[in-house]
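> In this note's numbering, the protein residues as written are 977 to 1382.
I'd like to ask you about the structure that follows.
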């Protein structure tokens, strides 16, 4: 009977939420905005591509003087430049608008700056003057070097391949860091999306004055656990809806939207970091859900609950104030405190797990701690909900609630 009731609660809470018009308005708002942005980017990239193609045939015209004797006249002509015949009046002619641009290259390029003068064509197009001047110097130097390998070495245009070792084994780079950190991203997405619903899950029945009738047919534990499970399912629906436009855009319109290239084939999904990340995510979800549901059980209205809601949510973001310390100095006492303090533990431990600084013992302690405190928070939420369900006009007294026997 209890199992049947739990299934009934989950089904009722889930369907009640997804049938609400405001739920779909809020859920679809972000994908719709993303679709609009993608459409604007697509249109803009098409126009930019056409403009770029047009500009390729439109060379920048300029004159120049070369005191360094480094520049190659052939390269300069290819870029649209000619040697300036009258350097003394060149700047004035640019000022008067009769000359488009004039470059003055000094004798010592390593010490003195190249003087660039040009007609104002807007803040973005004006940058092309310096770009052409730099390209002229680089291409001329390559011609004088006479070796593509030496030119690449001078400019630093070469690749490196790194391999590091930890405990006698090859340790990975970002390809091993990214997969466990996906649980951190998922944790933030789920909590942020569902935080208000977690808080309102027990407040709604209280404000509607129907809690007494519900509790005559349902055990409070069954009701609260059913609400938590339904919240998780609702979060899964929202995550899929939010991710869909980004996945579709990346797979089908990658080039048109100018998205960065990510070679997902190089990602390494290692078993233990992924398992620890999953356990930290589940434990953190249970803990924060239990706390927010308990807050909803104590407070009479959503307005009253919001005063306690904000500090709880802020504790999720505090670890990011020491993120550089978490990555570079995980043994620091502050990092250790954040790792084992329940409300900062999920984020801090997931960061350390991703970057490989969370050892097996610490991982086991944090996971156990989150599950224990999470289950205690749920148990507390059930107890407070039982006695706070009839408090419509004032906050439930914790002393009174704990003085009563459940």
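By construction, the Cβ of each residue, glycine as well, lies at the ideal position given by its N, Cα and C atoms.
Would you say the beta carbon of residue 1058 comes nearer than 7 Å to a heavy atom of the ligand NAP?
In the structure shown, the ligand NAP is absent, as is every other ligand, since no ligand is present at all.
> Within 10 Å of its beta-carbon, does residue 1228 have 16 or more other beta-carbons around it, so buried, or fewer, so exposed?
Burial call: exposed.
> Nearest-angstrom Cα distance between residue 1089 and residue 1057?
If you take the alpha carbons of residue 1089 and residue 1057, they lie about 19 Å apart.
> Look up residue 1091 in the DSSP assignment and give the residues it is bridged to.
In the DSSP output, where bridge partners are listed per residue, residue 1091 has 1080.
> Using the C-alpha atoms, what's the distance from residue 1080 back to residue 1110?
For residue 1110 and residue 1080, the distance between alpha carbons rounds to 12 Å.
> Just mark residue 1116 as buried or exposed, buried being the case when its beta carbon has 16 or more other beta carbons within 10 Å.
It is buried - the Cβ of residue 1116 has at least 16 other Cβ atoms within 10 Å.
> Among 1256, 1360, 1358 and 1282, which residue has its Cα nearest to the Cα of residue 1319?
Checked all of 1256, 1360, 1358 and 1282; the closest Cα to residue 1319 is 1256.
> Kindly indicate which three-state DSSP category residue 1074 falls into: helix, strand or coil?
Reduced to three states, the DSSP call for residue 1074 is coil.
> Alpha carbon to alpha carbon, how far is residue 1086 from residue 1334?
Whole-angstrom Cα-Cα distance: 48 Å.
> Give me whichever residues DSSP pairs with residue 1202 in a beta bridge.
In DSSP, residue 1202 forms no bridge with anything.
> Which parts of the segment 1300-1375 are runs of the beta strand (DSSP E), unbroken and 3 residues or longer, counting only runs that do not cross its ends?
None, since the segment 1300-1375 contains no complete beta strand (DSSP E) of that length.
> Report the rounded CA-to-CA distance for residue 1076 versus residue 1120, giving the unit in angstroms.
Approximately 28 Å between the Cα atoms of the pair.
> Between the Cα of residue 1272 and those of 1074, 1098, 1175 and 1052, spot the shortest distance and give me the residue it belongs to.
Closest option to residue 1272, Cα to Cα, is 1175.
> Would you say residue 1266 and residue 1330 are within 8 Å of each other, going by their C-beta atoms?
No, the pair does not count as a contact, with Cβ atoms beyond the cut-off.
> Express the C-alpha separation of residue 1314 and residue 1027 in angstroms, rounding to a whole number.
Its pLDDT being 49, under 50, residue 1027 is placed unreliably in this model, and the coordinates cannot settle the point.
> How far does the beta strand (DSSP E) with residue 1038 in it reach, from first residue to last?
Its beta strand (DSSP E) spans residues 1038-1042.
> Between 1053, 1259, 1003 and 1204, which lies nearest to residue 1341 when the distance is taken from Cα to Cα?
The candidate whose alpha carbon is nearest that of residue 1341 is 1259.
> Please tell me whether residue 1078 and residue 1059 are closer than 8 Å, where the distance is taken between their beta carbons.
The answer is no: Cβ separation not under 8 Å.
> Would you identify the three-state DSSP class for residue 981, choosing helix, strand or coil?
Residue 981 falls in the helix class under three-state DSSP.
> Can the beta-carbon of residue 1294 be found less than 8 Å from the beta-carbon of residue 1311?
Contact flag unset, no.
> If you draw a straight line from the C-alpha of residue 1268 to the C-alpha of residue 1285, how long is it?
If you take the alpha carbons of residue 1268 and residue 1285, they lie about 7 Å apart.
> Quick check on the burial criterion: 16 or more other C-beta atoms within 10 angstroms. Buried or exposed for residue 989?
With 16 or more other Cβ atoms within 10 Å, it is buried.
> Verify whether the separation of the beta carbon atoms of residue 1219 and residue 1356 is less than 8 Å.
No; because the gap between Cβ atoms is not below 8 Å, this pair is not in contact.
> With DSSP as the reference, label residue 1125 as helix, strand or coil.
Of the three classes helix, strand and coil, the one that applies to residue 1125 here is helix, per DSSP.
> Strictly by DSSP, which residues pair up with residue 1059?
Answer by DSSP bridge pairing, in chain order: 1040.
> For residue 1326, count the other beta carbons within 10 Å of its own beta carbon; 16 or more makes it buried, fewer makes it exposed. Which is it?
Buried.
> Between residue 1211 and residue 1166, what straight-line distance do the alpha-carbon atoms span, to the nearest angstrom?
Taking the straight line joining both Cα atoms gives about 6 Å.
> Are the beta-carbon atoms belonging to residue 1198 and residue 981 less than 8 Å from one another?
Yes, they are a contact pair.
> Where residue 1214 and residue 1274 are concerned, what is the direct C-alpha to C-alpha distance, given to the nearest angstrom?
Answer to the nearest angstrom: the Cα atoms are 28 Å apart.
> For residue 1245, does the three-state DSSP call read helix, strand or coil?
Coil, per DSSP.
> Between 987, 1045, 1000 and 1264, which lies nearest to residue 1323 when the distance is taken from Cα to Cα?
It is 1264.
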